[in-house]
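To start, the structure itself, in structure tokens.
Numbering (the numbering used here), first residue to last: 382 to 951.
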């Protein structure tokens, strides 16, 4: 499910002449049984609403008085979120002959043509009040209070995002809350202005329109998803924007150091701009310092399942799950343990909207027998990032709806994906040139596009913690063995390298120094060209003593990796 809740107006939408039909009520009951939430958003005062609508208990939340009062039917709790009416203002209205006049917990309401009198009194008294119209009704509320603010408060209580709410209404005062929803719907009897701005207009009027909408949501809510709110721009091709949908499962793949994480960073910036919550699984510590996100875990301590789920429950928290402290063989188990709980939370709330799984071949490896059990039936709103698509679980690859292939071996990525999934490869695939990437939707069999992708505003200090504190594999580690191969001391990160370097004898240090081994390791394994260049200068300076060269090299390492890191871009 993507749309978790339905927010509906009452009069003229759900109800006809104040009454909700039995058939419409049955439709709402079906909606609730599907595991979704119902929110009623109305201008009516609560006592009046309870009188005309005894089935109010169907709803999880009620936004009454045009946004001023939040009511929870299950507990009968009432919460007023705006000030009470000024008694002097009410008295002045009565004195000026404004009637009928209704005074609620925060709202004051009358009917046209009294709006001119109301406005004149507001001006004379210097009050911070607004007039809101609703098919002849004139509602007066504190400035900034409307159905949108009330709905936001109700959704916060429910831990839901407006992105995952469908709103349906018919009148002027519905504009604000409809605009705030992930999908806005006007019933057929709605005023023209509401129809003009809605994403959808039902064929049926009032309750019949709501019934029609509920049927569509239960059958397949993804099909009504409007791109205007929820599409994420990947880039452009041929003058057209290319979008990712929050229902997509995306594969980003290409050679090491080609820009996969740079693209992922740009996407997270778009998520933040659009109000989407995201969670990044970061085995290598690549996303330390990512703007708009909280990091859990570091090179010395792994995050716990409880920490991750507790933080994600907060709708305004984006999370980076740093797995540096986990050994490579521990990562799949950690992910397998976390994913079911995360999936359960997503089914209830549709959050986080996007999961970004870096080094996906580590977390969803092909060799695991239980991957199918770990995965839900779908992975909507998920980005899988890898150098080796062929090493990812085939079950996970079969869920992919969009492929982004980078670099000179981009065509090989597409071919590897097709080989693993059994999908016929597209014809005439050629790797892109320059800054473009290949974009393909395999399930739609569309032609591959060469897309100029968005660039991130921030520059992440890539791999700094991985190389400083993490554990490189045996092939990537540095080995001190000396001129006589008398030792075999392994440094699996830069901090261990520095510790060993300080303790070895001068003969061993200079053997590797004069062979250029240090700069070669920094360049090829640490991938820090600046550190390699500075180290090479020390290696080639024959005037330096062992003590001096050692100090220069280790100072260069610590300056980059123990102070605020300045590691190179991947």
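Note that the Cβ used here is the ideal one computed from N, Cα and C, for glycine as well. Quantities reported herein were computed from a predicted structural model and do not represent experimental measurements.
Kindly confirm or deny that the stretch 609-622 and the stretch 566-575 touch, where touching means at least three C-beta pairs closer than 8 angstroms. no
Below 8 angstroms on the Cβ atoms is my guess for residue 792 versus residue 811; work out the distance and round it to an integer in Å. 6 angstroms
For the alpha helix (DSSP H) containing residue 557, list its first residue and its last residue. 556-561
Exposure of residue 813, with buried meaning 16 or more beta-carbon neighbours within 10 Å: buried
The alpha helix (DSSP H) enclosing residue 430, as first and last residue numbers: 427-433
Starting from residue 503, follow the alpha helix (DSSP H) in both directions and report where the run begins and ends. 496-506
Residues sharing a beta bridge with residue 520, DSSP: 490, 513
Could you give the first and the last residue of the continuous beta strand (DSSP E) run that contains residue 1012? What is shown of the chain runs 382 to 951, which leaves residue 1012 out entirely.
Can you grab the Cα-Cα spacing for the pair residue 808 / residue 883, in whole Å? 57 angstroms
For residue 400, count neighbouring C-beta atoms within 10 Å of its own C-beta (all shown protein chains included) and say buried if the count is 16 or more, exposed if not. exposed
If you count every other CB in all the chains shown that lies within 10 Å of the CB of residue 867, and 16 or more means buried, which is it? exposed
With DSSP run on the structure shown, which of helix, strand or coil describes residue 946? In this predicted model, residue 946 has a pLDDT of only 32, less than 50, meaning its place in the structure is not dependable enough to derive any value.
Taking the alpha-carbon positions, what's the residue 912 to residue 672 distance? 26 angstroms
Within the same chain, show all residues whose beta-carbon is closer than 6 angstroms to that of residue 535, passing over the 5 residues directly before and after it, in chain order. 420, 442, 444, 451
At least three beta-carbon pairs within less than 8 angstroms, the stretch 585-603 to the stretch 425-443: no
Kindly identify the DSSP beta-bridge partner or partners of residue 459. 452
What runs of the alpha helix (DSSP H), each 4 residues or longer, lie entirely inside the stretch 853-919? 875-884, 887-895, 898-905
What does the alpha-carbon distance come out to for the pair residue 745 and residue 726? 20 angstroms
Among 546, 480, 509, which one has its Cα closest to the Cα of residue 386? 546
Residue 462 versus residue 565 - alpha carbon distance: 24 angstroms
So which of 516, 498, 523, 425 has the shortest CA-CA distance to residue 510? 523
Under a three-way DSSP split, which group does residue 800 fall into? helix
Within its chain, find whatever has a CB closer than 6 angstroms to the CB of residue 473; leave out the 5 residues flanking it on each side and keep chain order. 502
Give me the residue from 392, 786, 666, 448 with the minimum Cα distance to residue 517. 392
Collapsed DSSP secondary structure at residue 483 in the structure displayed: strand
With which residues is residue 676 paired in a DSSP beta bridge? 701
Cβ shell of residue 483 (< 8 angstroms), same chain only, five flanking positions each side left out: 426, 489, 490, 491
Rounded to the nearest angstrom, what separates residue 941 and residue 888 at their Cα positions? 26 angstroms
Counting C-beta neighbours from all protein chains within 10 Å, is the total for residue 944 16 or more, i.e. buried, or is it exposed? A caution first: residue 944 carries a pLDDT of 41, below 50, which makes its placement in the model unreliable, though a value can still be read off. Under this definition residue 944 is an exposed residue.
Ignore the nearest five residues each way along the sequence and tell me which others in residue 775's own chain have a CB closer than 6 angstroms to its CB. 801
Reduced DSSP category for residue 418 - H, G, I as helix; E, B as strand; rest coil: strand
Taking the continuous beta strand (DSSP E) assigned at residue 440, which residues delimit it? Here residue 440 belongs to no beta strand (DSSP E), and DSSP marks it neither H nor E.
Beta-carbon separation (whole angstroms), residue 660 vs residue 702, contact threshold 8 angstroms: 7 angstroms
Residues of its chain near residue 930, where Cβ-Cβ distance is below 8 angstroms and the 5 sequence neighbours each way are ignored: 890, 891, 894, 919, 920, 922
Reference residue 670, options 714, 699, 411, closest by Cα: 699
As assigned by DSSP and simplified to three states, the class of residue 951: In this prediction, residue 951 has a pLDDT of 40, which is less than 50 and means its spatial position is unreliable; nothing more can be read from the coordinates.
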